[in-house]
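Residue numbers (UniProt numbering): 1 to 910. Where is the CB? At the ideal position from N, CA and C, for every residue including glycine.
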Amino acid sequence: MSRCQTNCIEKRISQVFGKLGQFVGTHIWSFFILPALISAVLGVGFYFLPERERSDIEDQFTPVNGPAKTERAFVQNNLQDNEEFSPLRLSTEGTFAALIIVGLEENNILTPRASKEIIELDNTVRRIEAGKNFSSICAEANGTCWSQTLDANFSADTAPEGSLGGINFKPGTLEIESAEAIRLFYYLREINKTENEIWLRAFLRTFANYTTISAVSVSYFTSISREEELKRNSKTVIPFFSITYFLAITISIVSCMRFDCVRNKVWVASFGVLSAGLAVLSSFGLLLFCGVPFAMTVATAPFLVLGIGVDDMFIMISCWQRTQVHDKVEKRLADTYKEAGVSITITTLTDVLAFYIGLMTPFRSVQSFCLYTGTAILFCYIYNITFFGAFLALNGRREESNRHWLTCMKVDKPKEKYSQNTDDSKTNICCVGGAFDRDTGTEEDTPMNYFFRNYYGPFLTKNWTKVFVVVLYTGYLAASIYGCFQIQEGIDLTNLAPDGSYVASYYDNEDKYFSDYGPNVMLVIKDQTFQYWNESARSGLDTCLQEFRNLSMVSENMFVSWLNSYLVYGEKHGLNLNDENVFKGHLSGFLNASGFSQDVNFTNSQIYASRLFIQTVNISTALDERNMLSAFRDTAENCAKSQNPIDMLVYHPAFIYFDQYAVIVNNTIQNLIVATAVMLVISLLLIPHPLCSLWVAFAIASVIVGVSGFMALWDVNLDSISMINLVICIGFSVDFSAHISYAFVSSEKPSANKKAIDALYHLGYPIIQGAISTIAGVVVLSAAQSYIFRTFFKIMFLVILFGAVHGIMFIPVFLTFFGVCSKKSTVKNESYPRAVCKSKCANIKTKETIVYANPDFSVERELEMEAHIQLRWQNTTKFTFKNDKLSDIARNCQSSIENQSRYTFEPDCP
């Protein structure tokens, strides 16, 4: 076995934890009160929560260093907007309100009744008073409000250009017969942000209660709607906190309840959940004190932290129950820490590092979530080994004095000698308590521990079961890989609003009636040395522009070019625009007269930048958006590499959001690879066998593939929300696999199968407890009226389900395929005397598994735990051992026994 272990670090850490447990056990009240006081102090940080909240969608859900932001900065610095408002030339979305009006009569807005109501809706907008009316804060062009003015005699001919949707033409003509919808924009001047927001909120209130229409339906939207709805979104989850903690406490109590009024762990379970709550309070308060932004995604963190904290609690309780009940509390706590410390340290390190690695992502919503959650898990770990450990010791003192779990009054102990066939074998749950396993000196096994040891473990290690598990895993992997190829990228902005939001209605109508035309994209020429007057240079530009026109998502005839207009102007006025001086001499006058002044940065007779516009079509899905962005940027790069290179960029305000497609996959893969590598290093350092550490890395990869594949099959896109959860994947897959792998390699059992059974016996139930409690912590989010929280539930459910299945099924089976960690061992205790029975065979009942390498002995059968083992010797001398509570071994021998106390076999016996 020594050649299999690399436990130099693990062993020392285990010893340190033993000393820490001893120290906590002797200073219980200090470790119990101090964390509570720290939590109270740090909890004051929640006072700053309103100041730290961030709900700006662009800031939180788009890449921090996205190319579109660099492109926007260039446009804003080189092509400044002047006082003449033009929606086409906006470098941002602008400040606006919008209506989409849909006809209910014959699906037509051009009927007399519908037209009348449309005009009334338009007038309603213009009459809104909120400190100032629309006409006093509207965006202006040529000294008047820029708006899509409706004529009193509204018709298809007088409708604002581009405002109609769902158009039907009369057969054989281009005359509009009907239109299903009309979209109206109301832009505001971007001078006084406060005034604008007041008016926009008044607009929202007006149309939220607008009912005086019958021939049309109306959906509405403003430039602040997404942010407002995102704020409302986060508030919808607040009622679930109390439900979640109630479920967690209930499940923890039920799973830790014992039918023994002394050994009952009800209060231990309750304080374990409280410990996780204090960790959230302390960590969040500390980060809020430090000014860390609080994104809406952080609202899901307490649910996750609760699951992780409770999981570690179950591990500690399980280890406590395996300590000697007659030892001092300090010794029991030291033994608990020595056994559980390394295991929960592995999971905490992997979880915390996984989240801190998530800080590498370019999405601030992910960064905020990872920082808050990683810090909370760190506090959870600290409080588990201080606050919870201290309470575990307090509860141990109660058990030591044999006091009732509820009344704390002393109760009678069960009789020392009893038969399992008598009534004395059952402890009265009200008046008698403190039972323990008199063979081992530890607390009695729970029914679930018994199930894992005697039924599930042996069943799982049967050969035919292993074959079934391998086949099952192959099917799981195949379905997961198939799902990975179905993944869709990007977040739909509609999903940031709660279900039933007016935002969703507006977007649905926009997609339905106005999806024929996509963004009107700017083609910006950055090259300051480009010779616009040079015919050869213009020919190269035309070639480049033709490449854009050839794209499938571009409308070939909808193209706005100041240069083409200037050339037409020059030809009309007999100007030789191939001459540099003539070109520059007449340019300013043309730009001012034609309305193209915002499209050319012409300063000191130098053109520093200019822009053209090209219309896209049929951009309705996230895939269309991704393909369009990629095609436009690729074409711009090709223009820069052509024979007549042109340095240009492409930009539209929507590209800020489309940028997520360019980084989401690569960044997710990068984070997962880095995190998995870090997890592997930690596992190699702390799990005393390299091969088993590799199995932990395998579990991480396997769970990630499974979650990625099945989330796609469950209609979850790969976006900044699901990216968070894939980071979580790493931590939880390590949690389950590390616990079971560590138990496997730490087991003293002689064979791989028995090691697997022993690991499941000790940790199968804690894994199930942790999985159930974590799922209970997030299951309430399945009822949330929000895509973000439902997505969190879906992926967390997959992570926990697949992680637990790996922990109690796949990993134990796969570990048995590699027997290098197994050892042949003998039952040896030098303090026990030997017994000699001069018979050629004996039946021995033992609580150990024995494998003899001595050639004088042979084992005919080997059974686990309290099984009869028949041994046959080739000589006439035999050796045996017996347990105190077993029947007299003399009955099994035909001759006398020299000593009838506890006995042992040793391979060096004569």
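A Cβ-Cβ separation of about 16 Å leaves Asn65 out of contact with Gly358 under the 8 Å criterion.
In the DSSP assignment, Glu180 falls within the beta strand (DSSP E) that extends over Ile176 to Tyr187. Bridge pairing for Gln148: absent [DSSP]. Taking a 10 Å sphere around the C-beta of Ile308, we find 16 or more other C-beta atoms and assign the residue as buried. Bridge pairing for Ser219: Ile100 [DSSP]. Leaving aside the five residues that flank Gly285 on each side, the residues in its chain whose CB is nearer than 7 Å to its CB run, in chain order, Leu42, Gly43, Val44, Gly45 and Phe46.
Contact between Gly396 and Val329 is confirmed by a C-beta separation of about 4 Å, below the 8 Å threshold. Your pair Asp647 and Asp527 checks out as a contact, with CB atoms roughly 4 Å apart and the cut at 8 Å. By the CB criterion at 9 Å, Ser733 and Ser480 fall outside the cutoff. Residue environment analysis places Glu444 among the buried positions, since at least 16 neighbouring C-beta atoms fall within 10 angstroms of its C-beta. Judged by their CB atoms, Asn604 and Thr361 are not nearer to each other than the 9 Å cut-off.
In the three-state scheme derived from DSSP, where H, G and I count as helix and E and B as strand, Thr211 is classed as coil. Counting every other CB atom within 10 Å of its CB across the protein chains shown gives Arg364 a total of 16 or more, marking it as buried. Boundaries of the alpha helix (DSSP H) around Pro766: Ala752 to Val779. Comparing C-alpha distances from Phe96 to each of Arg201, Asn520, Cys431 and Ser217 shows the shortest one belongs to Arg201. Taking all protein chains in view, the Cβ of Phe32 is crowded by 16 or more other Cβ atoms within 10 Å, so the residue is classified as buried.
Approximately 4 Å separates the beta-carbon atoms of Phe387 and Pro35; this is inside 8 Å, confirming the contact. Counting only residues of its own chain and dropping the five nearest sequence neighbours on each side, Ser588 has a CB closer than 8 Å to the CB of Phe602. Between Met809 and the set Ile224, Trp267, Lys466 and Ala114, the nearest pair of CA atoms involves Lys466.
Restricting attention to alpha helix (DSSP H) runs no shorter than 4 residues, the region 20-82 encloses them at 28-42, 49-52, 57-61 and 67-78, ordered along the chain. With fewer than 16 other Cβ atoms from the protein chains shown falling within 10 Å of its own Cβ, His326 counts as exposed. According to the DSSP secondary-structure assignment, Gln15 is paired through a beta bridge with no residue.
Using a C-beta cut-off of 8 Å, the region 202-210 makes contact with the region 124-132, since at least three inter-stretch Cβ pairs fall below that distance. Pairing Glu10 with Leu685 gives a Cβ-Cβ distance under 9 Å. According to DSSP, residue pairing for Asp412 in a beta bridge involves Val432. Check the Cα spacing between Gln148 and each of Ala98, Ile109, Ser597 and Phe814: the tightest is with Ala98.
Straight across, the Cα-Cα distance linking Ile109 with Asp492 is about 29 Å. By the neighbour-count definition (other C-beta atoms within 10 Å, threshold 16), Arg12 is an exposed residue.
Distance check between Leu649 and each of Ser270, Ile525, Tyr187 and Gly457 places Ile525 closest, using alpha-carbon atoms only. Counting only runs of 4 or more residues that sit fully inside the region 485-537, the alpha helix (DSSP H) segments are 502-513, in chain order. In this structure, Leu164 sits near Ala156, with a CB-CB distance shorter than 9 Å.
Residue nearest to Val678 within the set Cys261, Val696 and Gly103 is Val696 (criterion: CA-CA distance).
Boundaries of the alpha helix (DSSP H) harbouring Ala301: Ala301 to Gln321, taken from the DSSP string. Boundaries of the beta strand (DSSP E) around Asn557: Val554 to Val560.
For Arg438, there is no enclosing alpha helix (DSSP H), as DSSP marks it with neither H nor E.
Annotation: the continuous beta strand (DSSP E) that includes Arg611 extends over Gln606 to Val617.
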